[in-house]
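Residue 61 in the numbering used here sits at position 61 of the sequence shown, and the numbers go up by one each step. Here the structure comes first, spelled out in structure tokens, and everything after it is commentary.
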Amino acid sequence: MFPLKQSRVLNSFLVFFLTLSFFCEFSSAANDETDSRRVTRGIYYKMDQGATWGVLYDGRMSNLHYSGPGGLINFGRHAQRSSYISEWSLARLQYNYSKPAHKNTVVENPGAGLRYMYLKNIHPKKNYYIFAGGEINVFGNLRMAPRLGNSYLWVDMVGEIRPRADLFFNKVFLRRNWNIELTAATSVFGYTMRIPEYGVSFELSEDAGVKTQGFEQKFLLPHNYAHITTGLFIRESFRGESNPNWFRVGYVWDFYTMAGAHNLNTSNALHQLVLELYFRVR
Numbered sequence: 001m002f003p004l005k006q007s008r009v010l011n012s013f014l015v016f017f018l019t020l021s022f023f024c025e026f027s028s029a030a031n032d033e034t035d036s037r038r039v040t041r042g043i044y045y046k047m048d049q050g051a052t053w054g055v056l057y058d059g060r061m062s063n064l065h066y067s068g069p070g071g072l073i074n075f076g077r078h079a080q081r082s083s084y085i086s087e088w089s090l091a092r093l094q095y096n097y098s099k100p101a102h103k104n105t106v107v108e109n110p111g112a113g114l115r116y117m118y119l120k121n122i123h124p125k126k127n128y129y130i131f132a133g134g135e136i137n138v139f140g141n142l143r144m145a146p147r148l149g150n151s152y153l154w155v156d157m158v159g160e161i162r163p164r165a166d167l168f169f170n171k172v173f174l175r176r177n178w179n180i181e182l183t184a185a186t187s188v189f190g191y192t193m194r195i196p197e198y199g200v201s202f203e204l205s206e207d208a209g210v211k212t213q214g215f216e217q218k219f220l221l222p223h224n225y226a227h228i229t230t231g232l233f234i235r236e237s238f239r240g241e242s243n244p245n246w247f248r249v250g251y252v253w254d255f256y257t258m259a260g261a262h263n264l265n266t267s268n269a270l271h272q273l274v275l276e277l278y279f280r281v282r
């Protein structure tokens with residue numbers, strides 16, 4: 001379980017989200033099709049960057065929770081039409097520098113991944129849009145703690161299928177029309193390889209050399225794995241009638257938990273403040 005401080009952060013976000021949703025229900029919508037900030041349909045190259053705060057627990061490593069700051073960057077291709085949205089994320093890289101409460105051990109936590117997403121417009125109304133579909137996601141999450149000697153390296157490699165839904169709507173707040181997006185995705189099926197199976201990364205072999213410990217691999221189902229991602233974004237177009245490029249800023253909460261062999265479980269939560277840039281190519 002995560003510490004009390006983590007729960008308070010999540011509760012604060014939930015209160016903010018519910019407050020925003022409640023307020024928007026009583027705000028008047030501005031659905032002018034000529035809104036200069038509306039996203040132009042087309043093909044875009046995208047670049048994401050942001051600051052992160054991670055909270056990590058890995059029972060193979062220790063019984064402590066590690067937390068600390070980090071950053072992320074992503075490059076991809078985004079296609080947007082009135083009937084669908086598709087996206088490739090081709091280089092999703094992130095890095096966190098985490099410490100436990102006693103500050104004696106530093107854990108470097110890099111990660112990388114690839115993702116393909118396809119969403120279909122299932123509610124093409126003027127006041128709001130709902131796109132639903134899914135994504136195929138492949139990622140690796142590493143933990144490195146050099147001070148722990150031969151127990152310094154742990155890896156989770158995961159491939160998964162995740163349903164996803166995005167909600168788009170325009171609301172007036174403080175005399176301004178805001179383009180708001182809510183996103184949510186969760187895992188239903190996957191496969192993983194975890195290295196090592198136990199808490200020791202390397203050990204002496206019979207010939208006095210060094211060998212790696214064994215690994216664990218298994219199918220991921222809702223009873224032994226959950227990966228939840230939610231986001232809240234504000235989308236804007238760059239000014240100018242001839243400028244089709246746009247950007248969005250927002251908050252993303254990305255959390256996964258995995259049950260391991262010998263009751264050595266893993267949980268990783270990543271809070272992200274992101275800026276996404278979209279450049280039209282055709």
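No residue lacks a Cβ here, since even glycine has one placed at the ideal position from N, Cα and C.
* Select from R92, N245, Y84 and F139 the residue whose C-alpha is nearest the C-alpha of H123. => Comparing Cα positions, the closest option is Y84.
* To do: Express the C-alpha separation of A145 and Y152 in angstroms, rounding to a whole number.
  => Cα to Cα, Y152 sits roughly 5 Å from A145.
* To do: Give the single residue among N63, R41, A269 and N74 whose Cα lies nearest to the Cα of E276.
  => E276 has its Cα closest to that of N74, out of N63, R41, A269 and N74.
* Asked: Considering only C-alpha positions, which residue in the set D58, E216, I43 and V274 is nearest to Q94?
  -> Restricting attention to D58, E216, I43 and V274, the CA atom closest to the CA of Q94 is found in V274.
* Asked: Taking the C-alpha atoms as reference points, what is the distance between A112 and L142?
  -> Using only the alpha carbons, I get a separation of about 9 Å.
* Considering only residues of the same chain and omitting the five flanking positions on each side of V155, which have a CB-CB separation below 6 Å? -> Cβ within range, chain order: L142 and I195.
* Can you name, in chain order, every residue of its own chain whose Cβ lies under 8 Å from the Cβ of L220, other than the five neighbours on each side? -> V158, E160, S187, F189, G190, Y191, T192 and M258, listed in sequence order.
* Going along the chain, which residues of its own chain have a beta-carbon closer than 6 Å to the beta-carbon of L283, five neighbours each way excluded? -> Look at the range of the chain in this structure, 1 to 282, and you will see that residue 283 is not part of it.
* Using 10 angstroms around the beta-carbon of H262, count the other beta-carbons present and answer buried if the total reaches 16, otherwise exposed. => An exposed status is given to H262, since fewer than 16 other beta-carbon atoms sit within 10 Å of its beta-carbon.
* Cβ-based neighbour list, A79, same chain, cut-off 6 Å, excluding 5 preceding and 5 following -> Answer for A79: I43 and S86, listed in chain order.
* Asked: Name the DSSP bridge partner or partners of L232?
  -> L232 pairs with L182 and Y251.
* Status (buried if at least 16 other CB within 10 Å, exposed otherwise) for I328 -> Nothing can be reported for residue 328, as the shown portion of the chain is limited to 1 through 282.
* How big is the Cα-Cα spacing for L114 and N137? -> Between L114 and N137, the C-alpha separation is close to 6 Å.
* Which residues share a DSSP beta bridge with T257? -> As DSSP reads the structure, T257 sits in a beta bridge with A226 and S267.
* Asked: Out of Y116, G54, G260 and H223, which has the shortest C-alpha to C-alpha gap to S76?
  -> According to the sequence displayed, residue 76 carries Gly and not Ser. Nearest option by C-alpha distance: Y116.
* To do: Put P146 into one of helix, strand or coil per three-state DSSP.
  => Three-state DSSP puts P146 in a helix.
* Asked: With respect to the beta strand (DSSP E) encompassing V172, which residues constitute its N-terminal and C-terminal limits?
  -> L153 to F173 is the span of the beta strand (DSSP E), which, as asked, contains V172.
* To do: Please look up how many angstroms separate the CB atoms of Y66 and P100, rounded, as I've assumed it's under 8 Å.
  => About 5 Å; that satisfies the 8 Å criterion.
* Taking the alpha-carbon positions, what's the F131 to D166 distance? -> If you draw a straight line from the Cα of F131 to the Cα of D166, it comes to about 5 Å.
* Asked: Who does P110 pair with in a DSSP beta bridge?
  -> P110 pairs with Y95.
* Would you please state the rounded distance, in angstroms, between the beta carbons of F279 and Y118? I believe it to be under 8 Å. => Contact flag wrong, Cβ pair sits at about 21 Å.
* Less than 8 Å separating the beta-carbons of E181 and R248? -> One thing to note: E181 has its Cβ within 8 Å of the Cβ of R248.
* Short check: CB of R92 to CB of G134, under 8 Å? -> No; because the gap between Cβ atoms is not below 8 Å, this pair is not in contact.
* May I have the straight-line CA-CA distance separating G260 from H271, to the nearest angstrom? => Cα-Cα distance, rounded: 24 Å.
* **6 Å Cβ shell around A311 - same chain, five flanking residues per side excluded** => There is simply no residue 311 to check, as the chain begins at 1 and stops at 282 in what is shown.
* Cβ neighbour criterion (16 or more within 10 Å) applied to K120 -> K120 comes out exposed.
* Asked: If R147 sits next to T105, beta carbons under 8 Å apart, how far is it from one beta carbon to the other, in whole angstroms?
  -> With a contact defined as Cβ atoms closer than 8 Å, R147 and T105 qualify at about 5 Å.
* **Sheet register partners of V274 (DSSP bridge)** => Per DSSP, the beta-bridge partners of V274 are G50 and G250.
* Decide if H227 is buried, meaning its Cβ has at least 16 other Cβ atoms within 10 Å, or exposed. => By the neighbour-count rule (16 or more Cβ atoms within 10 Å), H227 is buried.
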